[in-house]
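Notes follow the structure.
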Amino acid sequence: MNLLNRREMLRTVGAGAAMLTLPNLTLAQDKKGAFELPKLPYGFDALEPHIDARTMEIHHDKHHAAYVTNLNAAIAGSGLEGKSIEEVLANISKAPMDKQAALRNNGGGHYNHSLFWQMMSPKGGKPSDKLSAAIKEAFGDQDKMLAALKDAGVKRFGSGWAWVVVGKDGKLAINSTPNQDNALMDASGSPILGVDVWEHAYYLKYQNLRPAYIDAFFKVINWEFVNSLFDKAKKG
Ligand code: MN3
Numbered sequence: 001m002n003l004l005n006r007r008e009m010l011r012t013v014g015a016g017a018a019m020l021t022l023p024n025l026t027l028a029q030d031k032k033g034a035f036e037l038p039k040l041p042y043g044f045d046a047l048e049p050h051i052d053a054r055t056m057e058i059h060h061d062k063h064h065a066a067y068v069t070n071l072n073a074a075i076a077g078s079g080l081e082g083k084s085i086e087e088v089l090a091n092i093s094k095a096p097m098d099k100q101a102a103l104r105n106n107g108g109g110h111y112n113h114s115l116f117w118q119m120m121s122p123k124g125g126k127p128s129d130k131l132s133a134a135i136k137e138a139f140g141d142q143d144k145m146l147a148a149l150k151d152a153g154v155k156r157f158g159s160g161w162a163w164v165v166v167g168k169d170g171k172l173a174i175n176s177t178p179n180q181d182n183a184l185m186d187a188s189g190s191p192i193l194g195v196d197v198w199e200h201a202y203y204l205k206y207q208n209l210r211p212a213y214i215d216a217f218f219k220v221i222n223w224e225f226v227n228s229l230f231d232k233a234k235k236g
């Protein structure tokens, strides 16, 4: 990383903290600022039998890769070259009109999937004491929170995501977004857990059974990562 990029990153991290909302993922960018497809933190088959290897391979190597390629193409000539993903998503409205849909769909797609791979793990784990207390306050218990997340995912019409977020009041809440939208775009809260309910995330193994896929996703939640996002969101 050269000095200019390091300065840019430090400035971006500072700006992100002041805005209070989103976990800064510092997504990898090359020297020119182009985004790069992150490696999966585990093998394609690591989440079997809950999430199948073929789905993981296509989802990461084809779908996520396409978001990255199309995002870089949309950024060229948009005035947002070299910006972090957080800055890109927060400033879509400043880009030329004919770039905005591509920036929103592909920038959101890159951010959401970068988060999603890390939200899953074969290791399991459990919510921290602090997160458990917040879950109890907002939902009663963990099962009720997951039931509410599942309900939001099942009811999302068409393609999108269901999320557990830390809202502006500091409390946990469920939200759901269409397409590749997320809370970065309207600063409505900080996501700590999210499930991709696009058909490409489950159709090979679960066909039309989205509720069964969401139950399977619950078996591979990376609670250690969720705990870390919760801690960052609470610090603001
Ligand atoms: Mn997807």
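Position one of the sequence shown corresponds to residue 1 (our numbering), numbered consecutively onward.
Where is the CB? At the ideal position from N, CA and C, for every residue including glycine.
- In this structure, the CA atom of proline 178 is about 8 Å from the CA atom of glycine 158.
- Non-local beta-carbon contacts of serine 128 in its own chain, meaning distances under 6 Å to residues more than five positions away in sequence, involve Asn227 in chain order.
- When DSSP states are grouped into helix, strand and coil, glycine 33 belongs to the coil group.
- In the DSSP assignment, asparagine 179 falls outside any alpha helix (DSSP H) and carries neither an H nor an E.
- The set of residues with CB atoms less than 6 Å from any heavy atom of ligand 1 reads, in chain order, His59, His63, His113, Asp196, Trp198, His200 and Ala201.
- Shown here for leucine 103: same chain residues with a beta carbon closer than 6 Å to its own, the five before and five after excluded, namely Ala74, Ile92 and Ala95 in chain order.
- Within the same chain, Lys94, Ala95 and Pro96 come within 8 Å of glycine 79 by CB-CB distance, once the 5 residues on both sides are set aside.
- The DSSP-derived three-state label of proline 122 is coil.
- With contacts defined by Cβ atoms closer than 8 Å, proline 211 and valine 166 do not form a contacting pair.
- Using a Cβ distance threshold of 8 Å, glycine 194 and leucine 131 do not count as a contacting pair.
- Counting along the chain, the unbroken alpha helix (DSSP H) around glycine 153 starts and ends at 142-155.
- Per DSSP, the beta bridge partners of leucine 193 are Val164.
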